[in-house]
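Under the numbering used here, residues 3 to 393 are what the sequence shown spells out, in order.
Glycine included, every Cβ here is placed at the ideal spot set by N, Cα and C.
Only one structure is covered here, and it is reproduced in the block below.
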Amino acid sequence: KSSKKRFNYASIDCAATIIQANPESKNSFSILSEKKNSYLLNKCSSKNNFIIIELCEDILIDLIVLANFEFYSSIFKKIKFSISINNQNYQLLNQFTAKNIRDYQFFKIKNPLFFAKYLKIEILSHYGNEFYCPISILKVHGRTMMDEYRLEEEHSLSQLSINNQLMNNDLNHNENDIEIEIDNNNNNNYDNNIKNKNKNIQNDPDFDYDDDNNNINFNIPLSTKHISNPDSTSLSIEQVEQVEQVSTQESIYKNIMKRLILLESNATLSLLYIEEQSKLLSNAFNKLEKKQTIKFNKLISKFNSTILNQINNLKSLYTAFENDSKHLFKNQADNHHKLLLKTNQQIDFLNNQLKFQNKIIILISIVLTCLLIYIILTNDTYIETEYVEDD
3 KSSKKRFNYA SIDCAATIIQ ANPESKNSFS ILSEKKNSYL LNKCSSKNNF
53 IIIELCEDIL IDLIVLANFE FYSSIFKKIK FSISINNQNY QLLNQFTAKN
103 IRDYQFFKIK NPLFFAKYLK IEILSHYGNE FYCPISILKV HGRTMMDEYR
153 LEEEHSLSQL SINNQLMNND LNHNENDIEI EIDNNNNNNY DNNIKNKNKN
203 IQNDPDFDYD DDNNNINFNI PLSTKHISNP DSTSLSIEQV EQVEQVSTQE
253 SIYKNIMKRL ILLESNATLS LLYIEEQSKL LSNAFNKLEK KQTIKFNKLI
303 SKFNSTILNQ INNLKSLYTA FENDSKHLFK NQADNHHKLL LKTNQQIDFL
353 NNQLKFQNKI IILISIVLTC LLIYIILTND TYIETEYVED D
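Next up, the structure:
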C-alpha cells in the first residue's frame with residue numbers, strides 16, 4: 003500500500019526509458035507500465051540477463067519493486083542493482099535474494115550512495131527450470147534533491163525545537179537548584195575567613211581589599227553553591243542564540259523567498275560598498291592626477307629649459323661653423339684664383355713656346371726645301387755629264 007502511494011520514477015508516464023538490455027530480451031519497455039498482462043521476456047539460458055533504465059529524475063533510491071505474475075515461468079532469484087550518474091562507471095548499490103513467489107517483491111535500499119539517474123538490474127540466477135524468465139513489473143521509489151532538502155529542513159527544525167525544550171527545562175531546573183548562602187549577621191567572621199584563605203590573591207585585579215575597614219569588595223559575580231546536571235548546562239551561547247532565532251516551521255518556498263530577500267539586501271549593501279569604494283577611488287585618482295600634473299609640469303619645464311639650452315648651443319655651433327666655412331671658402335677662393343693666374347701664365351708661356359717652335363719648324367722646312375732643291379739640281383747635272391761621257 004505504501005508503494006502504491008509513492009511516485010514511481012521508473013514509469014513510462016514520467017518519461018522513464020530503457021537504455022539497454024541483453025540481446026535475447028523482448029518487450030523490455032513493458033516493465034515500465036503497471037499492466038500485469040505485459041512483461042519483459044527473457045530466456046533463462048541467457049548468460050547475461052540485464053537491463054538499464056533511465057529514471058525520470060536524479061533520486062536517492064530507497065525502494066525497488068519487482069514482480070513476475072506469469073505462470074509456467076521461472077522466478078528471478080539473485081538480483082544485483084547498480085547505479086550511475088551518466089550511464090558510465092556503474093557502482094554496486096546492493097545484491098538481494100528474491101523469494102519464489104508470484105507477487106510484488108520489495109527490495110529496500112539502506113545506503114542509496116548518491117543521486118542516481120541510471121539503474122542497472124542484473125538477474126544472476128532463477129528458481130526452477132522453466133524456459134522463460136520474465137519480469138512483469140518494475141517500480142523505483144526514492145527521494146529527489148528537493149525532497150531531501152525538505153527532510154533536512156524538517157529534521158533541523160525538529161532538532162532545534164527539541165534542544166530549545168531541553169534547554170528551557172534545564173534552565174528551570176537549575177534555577178530551582180541554585181542556592182546562594184550569604185550570612186549578613188556573620189559578615190566580620192566571613193571577611194576574616196576570606197582574608198586568611200586569600201592572602202595569595204590580594205594583588206589580583208578582580209578583588210579590592212581595604213586594610214583599614216577590613217572589607218573585601220568583589221568585582222566578579224558570585225559563584226553558586228550547587229548546580230545539578232552540569233552536562234545539560236554546557237550549551238554554548240551560539241546554540242542558545244540559534245534556538246531563539248528559530249520560528250515556526252515554514253515552507254521551502256517561503257524559505258527561498260527569505261533567502262532571495264537576503265540576497266537582495268546583500269546586493270544593496272554590495273552596491274553601497276562599491277559606491278563608497280568608487281568615491282574613494284575617484285578621490286585617490288584625483289589626488290594622483292594632481293600629483294602627476296605637478297610632476298608633469300615640472301618635467302615639461304625642465305624639458306623646455308633643456309631644449310632651449312640645446313638650441314642655444316646649436317646656434318653657437320652653427321655660428322662658429324658658418325664663420326669657419328666662410329673663412330675656408332675664402333681661402334679656397336684665393337688659392338683657386340692664384341692657381342688660375344699661375345695656370346694662365348703657364349698657358350701663355352706654352353703659347354709662346356709653340357709659336358717659337360712653329361717658327362723654327364718653318365725655318366727648318368725652308369732650309370730642308372732649299373737643300374732638297376740643291377741636291378736635286380746637283381744630281382741632274384751629274385747624271386747628264388755621265389750620260390754625255392758614255393756616248
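Exercise. In the DSSP assignment, what are the bridge partners of K357?
Worked result: BP columns for K357 are empty, so no partner.
Exercise. Is S349 helix, strand or coil by DSSP?
Worked result: Ser is not the amino acid found at residue 349; the sequence shown has Ile there. If DSSP states are grouped into helix, strand and coil, I349 belongs with the helices.
Exercise. Secondary structure at I375, three-state DSSP: helix, strand or coil?
Worked result: helix
Problem set entry | K405 to G144 span [Cα, whole Å] | Given that the chain is displayed from residue 3 to residue 393, the structure contains no residue 405 and the question cannot be resolved.
For this session: Starting from E124, follow its DSSP beta bridges and name the residues at the other end.
Result: F52, K82
Exercise. For I20, which of helix, strand or coil comes out of DSSP?
Worked result: strand
Exercise. How big is the Cα-Cα spacing for S303 and T321?
Worked result: 27 Å
Exercise. Using 8 Å as the limit for Cβ to Cβ distance, is A100 near chain D?
Worked result: Given the protein chain composition of this structure (a single chain), no chain D is represented.
Exercise. Can you tell me where the beta strand (DSSP E) with I77 in it begins and where it stops?
Worked result: Per DSSP, I77 belongs to no beta strand (DSSP E) and is neither H nor E.
Exercise. By DSSP, does A335 sit in helix, in strand, or in coil?
Worked result: helix
For this session: Inspect the beta-carbon positions of I20 and S13 and report whether they are closer than 8 Å.
Result: no
Problem set entry | C-alpha gap between N102 and I77, whole angstroms | 6 Å
For this session: Quick one: using the 10 Å Cβ neighbour count with 16 as the cut-off for buried, is H128 buried or exposed?
Result: buried
Exercise. Going straight from the alpha carbon of T250 to that of R261, what length do you get?
Worked result: Unreliable placement is indicated for T250, whose pLDDT of 31 sits below 50; the coordinate value is still reported in the next sentence. C-alpha separation (whole angstroms): 16 Å.
Problem set entry | Of the listed residues K45, I81, Q348, nearest to N131 (C-alpha basis) | K45
For this session: Note down the Cα distance separating I123 from D105, rounded to an integer number of angstroms.
Result: 18 Å
Problem set entry | CB contact flag (L95, S84, <8 Å) | yes
Exercise. Are D60 and K119 touching if we call contact CB-CB under 8 Å?
Worked result: yes
For this session: With DSSP as the reference, please indicate the residues paired to Y134 in a beta bridge.
Result: K45
Exercise. CA-CA distance, Q22 and I55?
Worked result: 7 Å
For this session: Go ahead and label K141 buried or exposed: buried means 16 or more other beta carbons lie within 10 angstroms of its beta carbon, across all protein chains shown.
Result: buried
Problem set entry | N96 - containing beta strand (DSSP E), residue span | 93-99
Problem set entry | Span separating the alpha-carbon of N311 from that of L341 | 44 Å
Exercise. Quick one: Cα of F287 to Cα of E154, how far?
Worked result: 51 Å
Exercise. DSSP beta-bridge partners for Q107?
Worked result: L68
Problem set entry | Cα-Cα separation between Q93 and S75, rounded to whole angstroms | 30 Å
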